[in-house]
Structure formats: structure tokens, C-alpha cells
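Notes to accompany the following structure.
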Amino acid sequence: MLGMVFTEFVEMVESAFSSELADAMLVAAKLPHGGSYTAVGYYPHEEIVRLVAALARLTGEPAEGLVQAFGRHLLKVFSTAHPAFFASKVNAFDLLACVDAEIHREVRKLYPDSQLPTIEVIGRDAQSITLQYRSPRSMEALALGLIEGTGLHYGTPLTITQSKARDADDTTLFHVALTE
Numbered sequence: 021m022l023g024m025v026f027t028e029f030v031e032m033v034e035s036a037f038s039s040e041l042a043d044a045m046l047v048a049a050k051l052p053h054g055g056s057y058t059a060v061g062y063y064p065h066e067e068i069v070r071l072v073a074a075l076a077r078l079t080g081e082p083a084e085g086l087v088q089a090f091g092r093h094l095l096k097v098f099s100t101a102h103p104a105f106f107a108s109k110v111n112a113f114d115l116l117a118c119v120d121a122e123i124h125r126e127v128r129k130l131y132p133d134s135q136l137p138t139i140e141v142i143g144r145d146a147q148s149i150t151l152q153y154r155s156p157r158s159m160e161a162l163a164l165g166l167i168e169g170t171g172l173h174y175g176t177p178l179t180i181t182q183s184k185a186r187d188a189d190d191t192t193l194f195h196v197a198l199t200e
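Now the structure itself:
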């Protein structure tokens with residue numbers, strides 16, 4: 021997993037909680053390298069799981085909610101780092117529809133070893149979009165937070181429901197609709 025995910029997770033913990041809690045989380049996770057991450061390095065996915073579990077133990081917050089909050093945090097980071105890209109999308113649905121074709125394609129150019137989920141649009145109209153998310157890492161809560169963050173970025177209240185696909189354990193469907 022790309023190091024930027026780890027550095028931003030620690031940053032989110034520092035800003036949402038405290039730097040002392042971030043340090044305690046790194047110690048509690050008992051990582052082989054002590055939690056020293058670089059944004060361009062690659063680290064095992066299991067380490068982010070350990071960090072989230074440690075943070076959940078330290079805060080009493082559910083791990084899934086922490087990952088979801090991290091997704092919202094990442095969307096803010098991405099929109100700040102790439103404002104022109106976000107401005108080129110008319111609305112939240114336009115951004116969500118281009119994740120694989122544009123965003124992940126560019127990430128793969130910069131980081132060819134990255135293992136990204138696939139996000140495919142399987143239905144869209146003016147009021148809703150349905151996305152098929154596939155990942156063996158089961159980071160649906162992160163995807164949910166990113167979708168929520170997209171709605172917040174565009175000032176679009178969204179109603180999001182998710183369900184597991186019947187035919188594949190690693191596939192989740194997100195139905196995203198404009199909140200009326």
C-alpha cells in the first residue's frame with residue numbers, strides 16, 4: 021500500500037485527536053519499523069489495519085467509523101492537492117464516474133506497483149449513480165468516506181447505501197443518490 025495513505029492517516033489522527041494519540045497509536049500497533057512512513061514508500065496493507073485497530077482501542081471508536089472518517093479526510097487532501105482536476109468535474113457524480121478511468125490511471129503511472137481497487141459505474145442517471153467496488157482488501161469504509169467527502173466537496177447532500185454483491189466476496193455495490 022502506498023506510503024501516502026499511511027502518512028495521511030497519521031496526519032488525520034494528529035489533527036482530529038492529537039499528536040500524543042498518534043504517537044500512542046504507532047506504539048500500540050507494534051509495527052516492525054516503529055511507524056516511520058514515507059509518502060512514496062510501499063507498506064503492507066496489514067499495517068494500516070493494525071493502526072486502525074490500535075486507534076479504535078485507544079479512542080473507543082469503531083474501526084469502521086475511523087476508516088470512513090479517513091476517507092473524508094483523504095478527499096479533502098486530494099481536492100487541495102489537485103484543485104484543477106476537481107474544478108473540471110461539474111458535480112459529485114462526474115467525479116465518482118471517473119475514478120478508475122482518470123484518477124487510478126494517473127496513480128498507476130506514478131506508482132506502477134500500486135494495487136488499487138476497481139470502481140466501475142454500473143448505472144447512472146441525473147439523480148443517482150451505482151458503483152461496483154472491488155478490492156480484496158475490504159476497504160469499503162474508506163470508499164464510503166471518499167464518496168461522502170465527494171458530496172461534501174461539491175456541496176451535494178447524498179444518500180449512500182451499500183450492499184455486498186451476491187456473486188463475489190470482494191465486491192460491494194454503492195448506490196449514491198441525491199438527497200431530496
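Converting from the sequence shown to my numbering requires adding 20 to each position, the first position being numbered 1. We put the beta carbon where it would ideally sit given N, CA and C, even for glycine. Keep in mind it's a predicted model, so treat the numbers as computed, not measured.
Distance between residue 68 and residue 195 (C-alpha atoms, nearest Å): One-based indexing of the sequence shown puts residue 195 at position 175. One-based indexing of the sequence shown puts residue 68 at position 48. If I take the Cα positions, the gap works out to 26 Å.
Per DSSP, cross-strand counterpart(s) of residue 149: Position 129 of the sequence shown holds residue 149. According to DSSP, residue 149 bridges with 144 and 196.
Beta bridge counterpart(s) of residue 157 as assigned by DSSP: Locating residue 157 in the sequence shown gives position 137, counting from the first residue. Paired residue(s): none; residue 157 is not in a bridge.
CA-to-CA distance, residue 40 to residue 118, given in whole angstroms: As a first step, residue 118 must be located in the sequence shown, where it is residue number 98. As a first step, residue 40 must be located in the sequence shown, where it is residue number 20. Distance between the alpha carbons of residue 118 and residue 40 is about 38 Å.
Any alpha helix (DSSP H) of 4 or more consecutive residues that is wholly inside the region 62 to 127: If we require 4 residues or more, the alpha helix (DSSP H) runs fully inside the region 62 to 127 come out as 65 to 79, 83 to 101, 103 to 107 and 112 to 117.
Within 8 Å, strictly: CB atoms of residue 94 and residue 166: In the sequence shown, counting from the first residue as 1, residue 94 sits at position 74. In the sequence shown, counting from the first residue as 1, residue 166 sits at position 146. In contact: residue 94 and residue 166 (Cβ atoms closer than 8 Å).
Residue 88 to residue 170 span [Cα, whole Å]: Working through the sequence shown from its first residue, we reach residue 88 at position 68. Working through the sequence shown from its first residue, we reach residue 170 at position 150. Approximately 13 Å between the Cα atoms of the pair.
Interface flag, residue 55 vs chain C, CB-CB below 8 Å: This model lacks chain C altogether; it includes just one protein chain.
Spatial distance of residue 99 from residue 106 (CA atoms): Taking the sequence shown and counting its residues from 1, the one referred to as residue 99 is at position 79. Taking the sequence shown and counting its residues from 1, the one referred to as residue 106 is at position 86. In this structure, the alpha-carbon of residue 99 lies about 6 Å from that of residue 106.
Terminal residues of the beta strand (DSSP E) in which residue 41 lies: Here residue 41 is taken as the residue at index 21 of the sequence shown, counted from 1. Segment 39 to 48 is the alpha helix (DSSP H) holding residue 41; no beta strand (DSSP E) there.
Exposure label - residue 52; buried when at least 16 CB within 10 Å: Along the sequence shown, one-based indexing puts residue 52 at 32. Counting C-beta atoms within 10 angstroms of its own C-beta, residue 52 has fewer than 16 neighbours from the protein chains shown and is therefore classed as exposed.
In DSSP terms, what residue 183 is bridged to: For this step, residue 183 is matched to residue 163 along the sequence shown. Partner(s): 193.
Inter-residue CB distance, residue 57 and residue 27 (contact presumed, cutoff 8 Å): Taking the first residue of the sequence shown as position 1, residue 57 is located at position 37. Taking the first residue of the sequence shown as position 1, residue 27 is located at position 7. Going by Cβ atoms, the distance from residue 57 to residue 27 rounds to 5 Å, so yes, they are a contact pair.
Stretch pair the region 110 to 125 + the region 133 to 143: three plus CB contacts closer than 8 Å: Short answer: they touch.
Where the alpha helix (DSSP H) containing residue 36 begins and where it ends: Your numbering for residue 36 matches position 16 in the sequence shown. Start and end: 23 to 36.
Close-in-space but distant-in-sequence residues of the same chain around residue 198 (CB under 8 Å, 5 per side omitted): Along the sequence shown, read from residue 1 onward, the residue named residue 198 stands at position 178. Cβ contact annotation for residue 198 (same chain, cutoff 8 Å, sequence separation greater than five): 147, 148, 176, 177, 178 and 179, in chain order.
Anticipated Cβ contact below 8 Å, residue 29 with residue 113, distance rounded: Here residue 29 refers to the residue found at position 9 when the sequence shown is read from its first residue. Here residue 113 refers to the residue found at position 93 when the sequence shown is read from its first residue. Actually they are not in contact, since the Cβ atoms of residue 29 and residue 113 sit about 27 Å apart, beyond 8 Å.
Residue 190 versus residue 42 - alpha carbon distance: Position 170 of the sequence shown holds residue 190. Position 22 of the sequence shown holds residue 42. Looking at the two C-alpha atoms, the distance is approximately 30 Å.
For residue 101, the nearest candidate out of 182, 24, 132 and 181 (CA to CA): Residue mapping note: residue 101 aligns to position 81 of the sequence shown, counting from 1. Comparing Cα-Cα distances from residue 101 to each of 182, 24, 132 and 181, the minimum goes to 24.
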